[in-house]
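Data first, discussion second: the structure below is written as C-alpha cells.
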Amino acid sequence: MRCASIAPVRRLAAILIGVVAVGASALADDEVRTWKDASGKFTIKARLLAVEDGKVSLEREDGTEIEIELKKLCTADQKYVADRPRPEDDPFKPVAPKDPFKARAKSKSPSAGAMKAPPSEPRVVVPDWSKARALVLAPDSQDWKIDVTPSPPTAAAIKARPIGLPSKADFFERAKGMVVSGNGKMALVGYNLDNPKPLGVTRVVECDLEKGKLLGSASTPGLMRPLALNDDGSQVLMCRDEFGFGNNDRLEFWSLSNAGIAKDRSFVPYGDINGGDRDVKWAAFLGEKTFATVSSGGKLAVWDLDSLDPIYYLTIENGCVPALSADRKRLAFTTAKEVGVLDVAEGQVLALREKPFAAFPKLAISPSGKRLALGSADKLRVYDMATGTLERDILLTGLFAGDTLQWTGETYVLVGGQFVIDVENQVKMWAYQGAELSAPNGAATLFAITPHNAVGAMIPAALPHAGAIGTLKQAMADPNFFVLKPGSTVKLDVTALADPGERNLAATALATALRKNEAQVGPNGAATLVATTEVGKEREITYRTFGSFGEKTYKIREHISRVKLVYGGQVAWETSVYNIPHFVSLKEGQTMEAYLREQEKPNYAFFGQVELPKFVTRPTGGATVGTSQVSASGIR
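Here the sequence shown is numbered in the working numbering, starting from 863 and rising by one per residue.
Take a look at the structure:
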C-alpha cells in the first residue's frame, strides 16, 4: 500500500552509515550527554558519532555536528570515548576551531545526514541558439586516422571500496539512475517516488568513492533523474522524469552542500522540438566550463556552462547513446549510415566510417582510448580507435543488450549492465545479477544494491572477477568448448523444409554462410545446423494508421522460420523470424486483410539472409558460461 505522504526532505541519520559491513561504522545509539573540555570552560550536550585520527565527532540535539581533538576533552570524557567502539570511517572533514566546541564550517560537498534545507525553485533560462555553430560531417581526411594517446587509469576506481546505502524510503520508490564524476571520485544515486500526488518526490544519495564514504541524502518534490555529476560532486545535472513522450525535456542544475539541495537553474535544451524528440537522452560534464547533451531525436549539443547557450551542435542517429573517452577529449557517435568521432574541444568531426545496421546503437570507448565498441540489440562490434578497423563482430543472441555499454578493461565489455563479453575469445562469458543499477568508473564497475527493507550498498568491482576468469580458462582447455569456430566441420539439416526448391536454396545459402566464417560443411561434424519452418497460433494484431489515431485489430496465422545449431541434443545457438509485420505499407487499392493473407506463409528468404556467428560455445543451460549474484556483501 502506498504511503499517503512523504516528507519533502529526508535527513540521513548517522545510523545509516555502517549498518552493513561494507560501510563506515557509526555510534548512532549513543545517548545525549554533557561534554566538557580539558579547561572546564566549555560544555555542550551532544551524542558521540565517530572517532578517527584523534578527533571526536559529536552531534548536538539540534542536529549540528562538531569536532574536537580527543586530547582537548576532560579526562572523564576521554575515558568514555576510549571505552566505546572506534568507528572505521568518519564522514566529517577535520577542523581545528579555537573554541573546541565550535560548529564546523560548510564544505562544497555534503556530509552525511546534513542535506536538510528545502530547495528553492531554480532560475529559468531560455537558451539562445542564434550563435550556435552547426557542425558538418566532413573530416579533414577520408581515411580514419585518430591520434590516440592512452588515458591514465582512474585512481578512484582503484581506491574505491564498498559503501553502505540507505534503504528505499518506500516500497514503490525506484532507483532511477547512478552517475559518476568524470574523475571517478564521486558517485550519486537518484530515486523516484510518484507519491504524494501530483508532484511525487526525488531523492539523491551521494558517495565519496575515493574515501569510501556516504556523504549524504536529500529529497525534493518532483520527479527527476540524474544524468551527470561534476568532478567535485557539488553539482548534479538532473532531468525531468515523467511518463509520456516529451515529458523528459527539462534539465535542472542542483548544487549539493551541507545546507541541502539548491536548485540553481532550469532550462529546456530542445524547446524548439515537439514530441518525444525533445526529450534528453544523455548528458555529460566535459570539464569546468562545458557540458554536452543528446536529445532522443539525435541532436547533440555542447553547451557553455555559465550562459547555458549552445556552442555547437550536430545531428546524430535517432536513439544513439554516444560515448566519451576517459580524458573527455573524444566523443563517439553514430549517424544512420556512419560511425564517427568528434574532437570535443575543437568541435570538429575527426573521422567517419561506414556503419552496418545497428538497432538501438550505444557506444563505449575503452579506458586507454584505443578501442571503440558499438553495441546494438543483437551485436557487439569492436573497432581500432586509431584506424577505424573492425576487429570483432560478435552476436549477442540470448542477451538483453539494454541501453548501457561499457568497457571493464581493454578486453572485456559489459552489455546491458550485467553481461560480460570476452572480446578476444568472442565468448558471452558471465552474467552478474542482483544489482538494480550499474555505472562505469574507469576500468571498474559500480553496482548499486537498493533494497526496500534493508540497507543497500554501492559495490565497486573489477569485472570479470577472478572466479569467472578461472572458470573460463578451465572451460577453454576442453577442445570441445567451442562447438563452432574457424576450422570446425558442421553438418547441415534442411529436411524439415517442405518445398524441395526452397530446401536446396536454403542449403546452398547456409553452407555459404558457414564457409564465410571459415567453417566447413560435412557429414562428420559434431554440431548440426538445422533449418525449419513452423506454423504457429493465430494472433490478434492491432495496427494504427499514420497521421491519425485510428486503430484496427486483425487476425493472422504465425509462420516461424528458424535456424539453430544443435550439439549433443541441446541447442547451442538459434535465431528466428516471424511473418507478422510490425509496419505495413499498402499498395494502391490493396486492403489490409488481403496484405496479411499474403503474409501467411513461411519466410524462405530468411535462410539466405541469416547471419551466422563465428564462435559458439558448448551449451551450458544459460546464455553465458557462468552467473554470479551481486549483493551488499559483494559478488558470489
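For every residue, glycine included, the Cβ atom is placed at its ideal position computed from N, Cα and C.
Does the Cβ-Cβ distance between residue i and residue j come in under 8 Å?
i       : j       : result
His1421 : Pro1464 : yes
Gly1044 : Arg1190 : yes
Leu1474 : Ala1375 : yes
Leu1257 : Gln1268 : no
Pro1028 : Ser1079 : yes
Gly1039 : Leu1299 : yes
Ile1283 : Leu1242 : yes
Leu1061 : Leu1091 : no
Phe1153 : Trp1165 : yes
Ala1381 : Tyr1429 : no
Ala1221 : Ala1239 : yes
Asp1111 : Leu1085 : no
Pro984  : Ile1321 : no
Glu923  : Val894  : yes
Gly1209 : Tyr1174 : yes
Ala1368 : Tyr1466 : yes
Just verifying my parser: in three-state terms, what is the DSSP assignment at residue i?
i       : result
Arg1498 : coil
Ala1369 : helix
Gly1363 : helix
Gly1026 : strand
Glu950  : Because the pLDDT at Glu950 is just 42, under 50, the model does not fix this residue reliably, and the point stays unresolved.
Lys1414 : strand
Ala1330 : helix
Arg895  : strand
Lys1347 : coil
Leu911  : strand
Trp1247 : It is worth fixing the name first, because residue 1247 is Met in this sequence and not Trp. Of the three classes helix, strand and coil, the one that applies to Met1247 here is coil, per DSSP.
Thr1395 : strand
Asp1205 : strand
Thr1197 : coil
Val881  : Confidence in Val881 is poor, its pLDDT being 29 and thus under 50, which makes the residue's placement unreliable; the coordinate value appears in the next sentence. Correct three-state label for Val881: coil.
Gly1483 : coil
Thr1374 : helix
Leu932  : helix
Thr937  : helix
Ala967  : Summary for Ala967: the model assigns pLDDT 41, below 50, so the residue's position carries little reliability; its value from the coordinates is reported in the next sentence. DSSP places Ala967 in coil when its eight states are reduced to three.
Gln1288 : coil
Lys1335 : helix
Ala1185 : strand
Val1010 : coil
Going along the chain, which residues of its own chain have a beta-carbon closer than 6 Å to the beta-carbon of residue i, five neighbours each way excluded?
i       : result
Val1478 : Val1345, Leu1346, Leu1427, Ala1434 and Trp1435
Gly1202 : Phe1195, Val1211 and Leu1214
Gln1432 : Pro1481
Thr1394 : Ala1358 and Arg1424
Asp1171 : Pro989 and Asp990
Glu921  : Ala908, Arg909, Leu911 and Glu927
Leu1176 : Leu997 and Leu1162
My guess is that residue i and residue j are in contact by the Cβ rule of under 8 Å, so how many angstroms apart are they, rounded?
i       : j       : result
Val1289 : Arg1254 : At roughly 11 Å, the Cβ-Cβ gap does not stay under 8 Å, so Val1289 and Arg1254 are not in contact.
Leu1193 : Leu1204 : 4 Å
Thr1351 : Gly1387 : 4 Å
Met1291 : Leu1334 : 6 Å
Ala1323 : Ala1306 : 7 Å
Val1383 : Leu1354 : 5 Å
Ser1158 : Gly1181 : 7 Å
Ala1319 : Gly1026 : 6 Å
Ile1227 : Ala1185 : 5 Å
Ala1301 : Val1042 : 5 Å
So, at 7 Å on beta carbons, what are the nonlocal neighbours of residue i in its own chain, with the 5 sequence-adjacent residues on each side left out?
i       : result
Arg1365 : Val1356 and Leu1359
Asp1265 : Val1183 and Lys1224
Ser1117 : Ser1096, Gln1097, Ala1124 and Asp1126
Gly1250 : Trp1006, Ala1213 and Arg1215
Gln1491 : Gln1295, Gly1296 and Arg1498
Lys1217 : Thr1196, Lys1199, Glu1200 and Val1201
Gly1279 : Gly1264, Thr1266 and Ser1300
Ala900  : Lys934, Leu935 and Cys936
By Cβ distance below 8 Å, which residues in the same chain neighbour residue i in space, the five residues on each side in sequence not counted?
i       : result
Gly916  : Glu931, Leu932 and Lys933
Val998  : Val1211
Ile1442 : Arg1401, Ile1403, Ile1418, Glu1420 and Gln1461
Leu1113 : Leu1089, Leu1099, Met1100, Cys1101, Arg1102, Ser1128, Phe1129, Val1130, Pro1131, Val1142, Ala1145 and Thr1155
Asp1009 : Ala1248
Val943  : Leu910, Val913, Val918, Leu932 and Leu935
Taking 7 Å as the cut-off, does the CB of residue i come closer than this to any heavy atom belonging to the ligand GDP?
i       : result
Gly1279 : By its list of ligands, the structure shown contains no ligand whatsoever, and the ligand GDP lies outside what it can speak to.
Original post:
Going along the chain, which unbroken runs of the beta strand (DSSP E) with 3 or more residues stay wholly within the stretch 1127-1182?
Top reply: 1142-1147, 1152-1157, 1161-1166 and 1172-1177
Original post:
What are the start and end residues of each continuous beta strand (DSSP E) run of 3 or more residues lying completely inside the stretch 1431-1475, in chain order?
Top reply: 1432-1440
Subject >> Segments of 3+ residues assigned as beta strand (DSSP E) that fall wholly inside the stretch 1215-1282 >> reply: 1224-1227, 1233-1237, 1241-1246, 1252-1257, 1267-1269 and 1274-1277
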